[in-house]
Amino acid sequence: MSFRYLLKYRNFDFYTCSFLALSFFLLFYIIFMCTSAEAIDKTSDDLNLEFEIPGVEKKSYEFRLELKSLETIRGLNKDSTLFLQKHPDGHDDKILYKTDLDIKLEARYYAKITRFYGRLKENLAYNDEESWENNLKTEELYVSFQPSPSIGIDAGKKVLKWGKGYAWNPVAFFSRPKDLDDPDLTLEGYYVFSGDFIKSMQGPIKTFALTPVILPVSGNINDEWGSDREILFGGKAYFFAYDTDLDFMFLLGNEINDRIGLSFSKNISTNFEIHGEAAIVFDYTKHLTDKQGKGIEKKYDAKDFLLGIRYLSARDTTYILEYYRNGQGYTEYEIKDYFSFIQAGYDSYINSQNMGDMLAGRMYGSRYYNKQTVMRDYLYLKVSHNEPFDIVYLTPSLTCIYNINDTSGSIAPQITYSPITNLEFDLKTIFLFGEDNTEYGEKLHDYKVVVSLKYYF
Amino acid sequence: MKKIIVLLVMWHMLVVPAFALDGNELLKKIDRNLNPESFEMYRKLLNIEPDGSKKEFIMYSVKKGKDKIASVFLAPASEKGRSTLRVGENMWLYIPNVGKPLRITSLQSITGGVFNNSDIMQIDYSAEYSCDKVESLEGEYILYLKAKTKAVAYDSVKMWADSKDLLPLKIECHASSGMLIKTLYFKQVKDFGGGVIRPAVTETDSPLYKGYKSIIIFASVKRRDLADEVFTLNYMPKVENLR
């Protein structure tokens, strides 16, 4: 807390914040370097080779706890249209601070062919308004029946992550959208019934698996999918043939757009992998506004594509490169119309205190426009390298997201350091770039610094 | 002169049987002695850094046939629940947070250290390599192995095996340039019961990772019949259920 007060009340700018965050990391690193064991040359002949096998008589229950403390520093882009939308009366601070404490608890219970699993996430956040927010969420809670390795049935709140892409998954029909700033974060599931029916074979098709899914929608369950009661049906068929993973999937419903998709993944060589996804969302309705705020609907079959590669170099550097075509996304002109409407609404408010267009703009934003990956064509590049300069347990990486349509994007250097088992320190800085009336050029913030410490029990 | 002829005949009697040895059959026997056809095992993997610090991982693994192996991490807490699958030269990693399997390569290392994924998920050597030549020395054989395809992690391998137990003693792994990538040492032969007698310790070092050492300790190796469906992507989140 004292760290954030130091930053806030001294009103440090981005460079000072980044310098302080980096200094904190270096201090952390030096402390652990100084306290690490002296060099001991041990071979297997010297080591104790007997060890306890944890739970060889397997326990019927297990717990796992993850504690994560984050400090997020955001620099406001006071020239952006979205800043005018959110803060038409301005904002005193240039920099916003948020302290989060995330507690994630996982529990498992085994009883013969039955398994119960739950994952709770509690978030305590201290925000810039100097108040605490509390958010407790059940991310997953389901029961699994596994009468044999070929058959499995699950019922409850579960995450179904489909697709082979790293940053985007157009075929993840039953998942919530990922956070592009951290695609590996756990997600909250939906209430589903699902099964796994697996068959191994000889011949070119070595494995076939079927995953049917039923997702009920009502006022209390899965209400994000709609307000009317209905049952959504979906499924995935998986084939492993000719050293290639191939999936076909679908989703059908009355109130939801039907969709079909496919994904694939294959190693071209020992260090080079290629993957891709394609989906069609039938009768998709795109909601837009023109410059005057008049709502428009465009109906069409939206086609989404993803193509990516993963490459490991001889120097142990991993490259992930993906191209994503968002068939449901806005064109450059459609986004400019939205920004023009917000600007017009702001001007009307300033000149006549009329909030009408401002509120309409906020409605369009919250429902349709103010999301990640809202336009059409993107590139994603992540480069990471293990233990450079022989600094053990250190992994630096660089992530770039580039909007091809309006040439805006973000660059995020990151350092992950885990010198002690179960402890992980992470420092990430995200810079946004882009001209006026571009996706990233008009975002509320133009930089973000995230410092986090994670510990597992 | 007579002594020379006798010596030459004796030398041939020693050498010729080695030349008559089928290296590939020998390699298959070594594979079977090292691991049963279908089994489960618990292992501890130790990475020792040049400064002496250690990181430990505990894994439960199941293997079937020549080229299928699945594993799940039991410790430490940060890795618990992560599972890996290998079918031939295809490898996948499942991280519970990510929620779906991702393809990985044999040259990467999910644990860090000197062992790579191909070493941790070792399948039968006879599935990946063919034996070009066998030499017989006192008490041991030297097998010269060549990768069957370019997808195999090491281009060539030189294996020293005990001629009595037909178990490996040392393996040198080479790149296509001939460069030594790493050396594996098999130590402390132990009777695990059920007819499984094999080295309990595999140690490795590498000229490319000077000062680093990695060790795998086998704590339990038991024969077990397993369904083929265990070695599929859909089963990866459930490997721990087999324990």
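Quick note, the sequences are listed as chains U and B, same order. The numbering used here applies: residue 730 is where the first sequence begins, and numbers increase by one. The numbering used here applies: residue 112 is where the second sequence begins, and numbers increase by one. We put the CB at the ideal spot given by N, CA and C, even for glycine.
State buried or exposed for residue i, treating a residue as buried only when at least 16 other CB atoms are found within 10 Å of its CB.
{"i": "alanine 768 of chain U", "result": "Unreliable placement is indicated for alanine 768 of chain U, whose pLDDT of 39 sits below 50; the coordinate value is still reported in the next sentence. The residue in question, alanine 768 of chain U, is exposed, as its Cβ has fewer than 16 Cβ neighbours within 10 Å."}
{"i": "glutamine 233 of chain B", "result": "buried"}
{"i": "phenylalanine 1186 of chain U", "result": "exposed"}
{"i": "isoleucine 1064 of chain U", "result": "buried"}
{"i": "isoleucine 1159 of chain U", "result": "buried"}
{"i": "leucine 715 of chain U", "result": "Chain U is shown only over 730 to 1186; residue 715 of chain U falls outside these bounds and no answer can be derived."}
{"i": "asparagine 863 of chain U", "result": "exposed"}
{"i": "aspartate 770 of chain U", "result": "Legend: pLDDT at aspartate 770 of chain U = 43, less than 50; position of this residue unreliable, value from coordinates given subsequently. When all chains shown are included, aspartate 770 of chain U counts as exposed."}
{"i": "glutamine 1021 of chain U", "result": "exposed"}
{"i": "glutamine 814 of chain U", "result": "buried"}
{"i": "tryptophan 203 of chain B", "result": "buried"}
{"i": "asparagine 740 of chain U", "result": "At asparagine 740 of chain U, the pLDDT of 45 sits below 50, so the modelled position is not reliable; the number obtained from the coordinates is stated separately. That one is exposed."}
{"i": "arginine 848 of chain U", "result": "buried"}
{"i": "leucine 145 of chain B", "result": "buried"}
{"i": "threonine 1127 of chain U", "result": "The amino acid occupying residue 1127 of chain U in the given sequence is leucine; threonine does not appear at that position. When all chains shown are included, leucine 1127 of chain U counts as exposed."}
{"i": "asparagine 983 of chain U", "result": "exposed"}
{"i": "aspartate 355 of chain B", "result": "Residue 355 of chain B cannot be examined here, being either before or after the span of chain B that is shown, 112 to 354."}
{"i": "valine 341 of chain B", "result": "buried"}
{"i": "arginine 309 of chain B", "result": "buried"}
{"i": "glutamine 931 of chain U", "result": "exposed"}
Going by DSSP, which residues form a beta bridge with residue i?
{"i": "tyrosine 1107 of chain U", "result": "U/Tyr1053 and U/Asn1132"}
{"i": "leucine 291 of chain B", "result": "B/His285"}
{"i": "methionine 978 of chain U", "result": "U/Lys965 and U/Gly990"}
{"i": "leucine 1001 of chain U", "result": "Reading the sequence as shown, one finds phenylalanine at residue 1001 of chain U and not leucine. BP columns for phenylalanine 1001 of chain U point to U/Ser998 and U/Tyr1040."}
{"i": "threonine 973 of chain U", "result": "U/Ala970 and U/Lys995"}
{"i": "asparagine 863 of chain U", "result": "U/Leu853"}
{"i": "aspartate 1155 of chain U", "result": "U/Thr1145 and U/Ser1181"}
{"i": "serine 877 of chain U", "result": "U/Ile880"}
{"i": "phenylalanine 903 of chain U", "result": "Paired residue(s): none; phenylalanine 903 of chain U is not in a bridge."}
{"i": "tryptophan 1190 of chain U", "result": "Outside the displayed range of chain U (730 to 1186) lies residue 1190 of chain U, so it cannot be described from this structure."}
{"i": "alanine 258 of chain B", "result": "B/Tyr240"}
Could you spell out where the alpha helix (DSSP H) holding residue i opens and where it closes?
{"i": "glutamate 800 of chain U", "result": "Where glutamate 800 of chain U is concerned, there is no enclosing alpha helix (DSSP H), although the beta strand (DSSP E) it sits in stretches over 790-805."}
{"i": "glutamate 151 of chain B", "result": "First-last for glutamate 151 of chain B: 149-159, but that is the beta strand (DSSP E), not the alpha helix (DSSP H)."}
{"i": "serine 1081 of chain U", "result": "1061-1081"}
{"i": "glycine 924 of chain U", "result": "Note, glycine 924 of chain U: premise wrong, no alpha helix (DSSP H); beta strand (DSSP E) at 919-929."}
{"i": "valine 1092 of chain U", "result": "The question names valine, but residue 1092 of chain U is methionine in the sequence shown. From DSSP, the alpha helix (DSSP H) with methionine 1092 of chain U extends over 1085-1093."}
{"i": "alanine 238 of chain B", "result": "236-239"}
{"i": "isoleucine 950 of chain U", "result": "Run containing isoleucine 950 of chain U: none; DSSP gives neither H nor E here."}
{"i": "lysine 140 of chain B", "result": "134-145"}
{"i": "leucine 813 of chain U", "result": "810-815"}
{"i": "isoleucine 169 of chain B", "result": "Taken as a continuous stretch (DSSP letters only), isoleucine 169 of chain B belongs to no alpha helix (DSSP H), being part of the beta strand (DSSP E) at 165-175."}
Report the neighbours of residue i on chain U: residues whose CB is nearer than 8 Å to its CB, in chain order.
{"i": "glutamate 249 of chain B", "result": "Here the premise fails: no neighbours, minimum Cβ distance about 24 Å."}
Listing by chain order, which chain U residues have their CB less than 7 Å from the CB of residue i?
{"i": "aspartate 339 of chain B", "result": "Ser929"}
{"i": "isoleucine 214 of chain B", "result": "Here residue 214 of chain B is arginine; the residue named in the question, isoleucine, does not match the sequence. Within chain U, the residues near arginine 214 of chain B are Ser994, Asn996 and Glu1002."}
{"i": "alanine 264 of chain B", "result": "Thr999"}
{"i": "glycine 210 of chain B", "result": "Val888 and Lys890"}
{"i": "lysine 191 of chain B", "result": "Arg793"}
{"i": "glutamate 160 of chain B", "result": "Val1121"}
{"i": "proline 147 of chain B", "result": "Those do not exist, as proline 147 of chain B stays about 19 Å from chain U at its closest Cβ, beyond 7 Å."}
For a contact defined as C-beta to C-beta under 9 Å, what are the partners of residue i on chain B?
{"i": "leucine 1182 of chain U", "result": "Those within 9 Å of leucine 1182 of chain U in chain B number zero; the least Cβ separation is about 13 Å."}
{"i": "glycine 875 of chain U", "result": "This sequence places glutamine at residue 875 of chain U; glycine is not what is there. Ordered by position in chain B, the residues that pass the 9 Å Cβ test against glutamine 875 of chain U are Lys349 and Asn352."}
Which stretch, first to last residue, makes up the beta strand (DSSP E) that contains residue i?
{"i": "tyrosine 679 of chain U", "result": "The displayed coordinates of chain U run from 730 to 1186. Any statement about residue 679 of chain U would go beyond what the structure contains."}
{"i": "aspartate 273 of chain B", "result": "267-273"}
{"i": "isoleucine 327 of chain B", "result": "324-334"}
{"i": "threonine 315 of chain B", "result": "307-316"}
{"i": "threonine 1150 of chain U", "result": "First-last for threonine 1150 of chain U: undefined, no H or E at that position."}
{"i": "serine 194 of chain B", "result": "194-198"}
{"i": "aspartate 180 of chain B", "result": "The sequence shown places isoleucine at residue 180 of chain B, not aspartate. It spans 179-186 - the beta strand (DSSP E) in which isoleucine 180 of chain B sits, taken as one unbroken run."}
Which residues in chain B sit within 7 Å of residue i, going by Cβ to Cβ distance?
{"i": "proline 878 of chain U", "result": "Ala338, Glu340, Val341 and Tyr346"}
{"i": "aspartate 1033 of chain U", "result": "The contacting residues do not exist; aspartate 1033 of chain U stays about 18 Å from chain B at best."}
Between residue i and chain C, is any beta-carbon pair separated by less than 8 Å?
{"i": "leucine 909 of chain U", "result": "Here chain C cannot be found, since the structure's protein chains are U and B."}
Cβ closer than 8 Å: which chain B residues qualify as neighbours of residue i?
{"i": "arginine 1044 of chain U", "result": "Near arginine 1044 of chain U there are no residues of chain B at all, since even the closest Cβ is about 11 Å away, more than 8 Å."}
{"i": "lysine 787 of chain U", "result": "Arg354"}
{"i": "tyrosine 1048 of chain U", "result": "Those within 8 Å of tyrosine 1048 of chain U in chain B number zero; the least Cβ separation is about 12 Å."}
Next item on the list: Evaluate the contact criterion for the region 784-798 of chain U versus the region 837-847 of chain U: three or more CB pairs, one atom per stretch, below 8 Å.
Entry: Yes, since at least three Cβ pairs between the region 784-798 of chain U and the region 837-847 of chain U fall closer than 8 Å, the two stretches touch.
Notebook entry, point to check: Hey, is the region 895-903 of chain U in contact with the region 1035-1048 of chain U, meaning 3+ C-beta pairs nearer than 8 Å?
Noted result: yes
Notebook entry, point to check: Using 8 Å as the threshold, is the region 1041-1048 of chain U in touch with the region 1092-1105 of chain U, meaning 3 or more CB pairs across them?
Noted result: no
Notebook entry, point to check: Is the region 1153-1173 of chain U touching the region 1124-1143 of chain U, taking contact as three or more C-beta pairs under 8 Å?
Noted result: yes
Note to self: If contact is defined by three or more beta carbon pairs under 8 Å, each pair taking one atom from either stretch, is the region 961-969 of chain U in contact with the region 924-936 of chain U?
What the structure shows: yes
Item checked: Cβ pair count under 8 Å reaching 3, the region 346-354 of chain B against the region 186-203 of chain B -> yes
Next item on the list: Please confirm if the region 330-346 of chain B is in contact with the region 151-167 of chain B, defined as three or more CB-CB distances below 8 Å between the two stretches.
Entry: yes
Item checked: Stretch pair the region 972-986 of chain U + the region 172-191 of chain B: three plus CB contacts closer than 8 Å -> no
Check: With a cut-off of 8 Å, do at least 3 Cβ pairs link the region 991-1006 of chain U to the region 944-960 of chain U?
Finding: no
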